[in-house]
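As structure tokens, the structure follows; a few thoughts come after it.
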Amino acid sequence: MRTIKTNAKQTLFYIFSFVLFLTFGCKKDQVEPVTNPPAQNDEELITTFKMTFVDSAGIEADKVFLFRDVDGPGGNPPSQFDTIRISNNKTYLVALELLNESLIPTDDITAEILAEAQEHLFCFDPTLGANLMIQRTDSDGTYEIGLASKWKTISTSNDQVLIKLKHQPGVKNGQCDPGETDIELNFQVEIQ
Numbered sequence: 014m015r016t017i018k019t020n021a022k023q024t025l026f027y028i029f030s031f032v033l034f035l036t037f038g039c040k041k042d043q044v045e046p047v048t049n050p051p052a053q054n055d056e057e058l059i060t061t062f063k064m065t066f067v068d069s070a071g072i073e074a075d076k077v078f079l080f081r082d083v084d085g086p087g088g089n090p091p092s093q094f095d096t097i098r099i100s101n102n103k104t105y106l107v108a109l110e111l112l113n114e115s116l117i118p119t120d121d122i123t124a125e126i127l128a129e130a131q132e133h134l135f136c137f138d139p140t141l142g143a144n145l146m147i148q149r150t151d152s153d154g155t156y157e158i159g160l161a162s163k164w165k166t167i168s169t170s171n172d173q174v175l176i177k178l179k180h181q182p183g184v185k186n187g188q189c190d191p192g193e194t195d196i197e198l199n200f201q202v203e204i205q
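Next up, the structure:
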């Protein structure tokens, strides 16, 4: 008789343990709600746009003009947005440099644009009637890029130049219409 009680106690213990195991040990995996994955953004954050003007005659010292907005679009206003001040009746060789200064170390976007030259085009659009002509002077082998350009001033004036970097994977044709705009800046230009 004693053996039966022990077996009954053991059986009850096993049944109770099994019920506890099923109740607490085998929880269903919680299914996370399905959300749309974040959109892929191939654009790089450009916080700094640097333009270096070199007098082709070698008379004037080099001039550097900057746009800087370290926290990117939508945050604080730019900390620097220079007016381009250049001399009349001159030809300048202009080099662009683009950086992401929100990262440490700073990310050189210029190198990435050059590595993907077949997908990028800088567009320069002076205001109508501006005393300024701009010509891109570099190429990806088929189409111009615009990291290097020639700016020829004609006479004294106050103008604006809209500069856009177009991202044109698979659609680059040398024109500014196709593709997405990575950055768009409207610089004031004083020709003195």
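Residue numbering for the sequence shown follows my numbering, starting at 14 and increasing by one per position. Every residue, glycine too, gets a C-beta built ideally from N, C-alpha and C.
Closest by CA to residue i, which one among the options?
i: Leu-116; options: Ile-59, Lys-103, Leu-160, Thr-123; result: Ile-59
i: Val-67; options: Pro-118, Ala-130, Ser-92, Ile-97; result: Ile-97
i: Gly-154; options: Leu-127, Ile-167, Ile-147, Phe-78; result: Leu-127
i: Glu-129; options: Thr-169, Gln-181, Leu-106, Gly-85; result: Gln-181
i: Phe-78; options: Ser-92, Asp-195, Gly-71, Ala-70; result: Ser-92
i: Tyr-105; options: Gly-183, Asp-82, Arg-149, Ser-170; result: Arg-149
i: Gly-12; options: Ile-196, Ser-168, Lys-103, Gln-131; result: The first residue shown for the chain is 14 and the last is 205, placing residue 12 beyond what the model contains.
i: Ser-168; options: Gln-205, Ser-162, Thr-140, Phe-137; result: Gln-205
i: Ser-162; options: Gly-88, Leu-111, Ile-196, Cys-136; result: Cys-136
Under 8 Å Cβ to Cβ from residue i, same chain only, skipping five residues before and after it: list those, please.
i: Asn-186; result: Tyr-156
i: Thr-19; result: Its pLDDT being 48, under 50, Thr-19 is placed unreliably by the model, and the measurement read from it follows with that caveat. Hits under 8 Å: none found.
i: Asp-95; result: Phe-78, Leu-79, Phe-80, Phe-200
For the alpha helix (DSSP H) that contains residue i, what are its first and last residues?
i: Ala-128; result: 122 to 128
Count the other CB atoms within 10 Å of the CB of residue i; is the residue buried (16 or more) or exposed (fewer)?
i: Asn-54; result: Note that Asn-54 has pLDDT 35, beneath the 50 cutoff, so the model's placement of it is unreliable and no number is given.
i: Met-64; result: buried
i: Ile-176; result: buried
i: Thr-166; result: buried
i: Ile-145; result: According to the sequence provided, residue 145 is Leu. The question's Ile does not apply to it. Buried, since its Cβ has 16 or more Cβ neighbours within 10 Å.
i: Pro-118; result: exposed
On the DSSP letters alone, give me the boundaries of the beta strand (DSSP E) that residue i sits inside.
i: Leu-175; result: 170 to 180
i: Thr-155; result: Neither: Thr-155 is in no beta strand (DSSP E) and is coded neither H nor E.
i: Ser-162; result: 161 to 166
i: Thr-96; result: First-last for Thr-96: undefined, no H or E at that position.
i: Pro-118; result: Run containing Pro-118: none; DSSP gives neither H nor E here.
i: Asp-68; result: 61 to 68
For residue i, collect the residues of the same chain with a Cβ closer than 7 Å to its Cβ; drop the 5 residues on either side in sequence, then sort them by chain order.
i: Asp-75; result: Thr-65, Phe-66, Val-67
i: Glu-73; result: Ser-100
i: Asn-199; result: Gln-173, Leu-175
i: Arg-81; result: Thr-60, Thr-61, Pro-91, Ser-92, Gln-93
i: Pro-51; result: Annotation note: pLDDT 30 at Pro-51 (below 50); position unreliable, no value reported.
i: Glu-125; result: Glu-57
Apart from the five residues on each side of it in sequence, which residues of its chain come closer than 6 Å, Cβ to Cβ, to residue i?
i: Ala-143; result: Asp-172
i: Leu-160; result: Leu-109, Asp-151
i: Val-202; result: Ile-97, Asp-172, Val-174
i: Asp-120; result: Asn-113
i: Thr-36; result: Below a pLDDT of 50, predicted positions are generally treated as unreliable, and Thr-36, at 47, falls in that range; no measurement from the model is reported.
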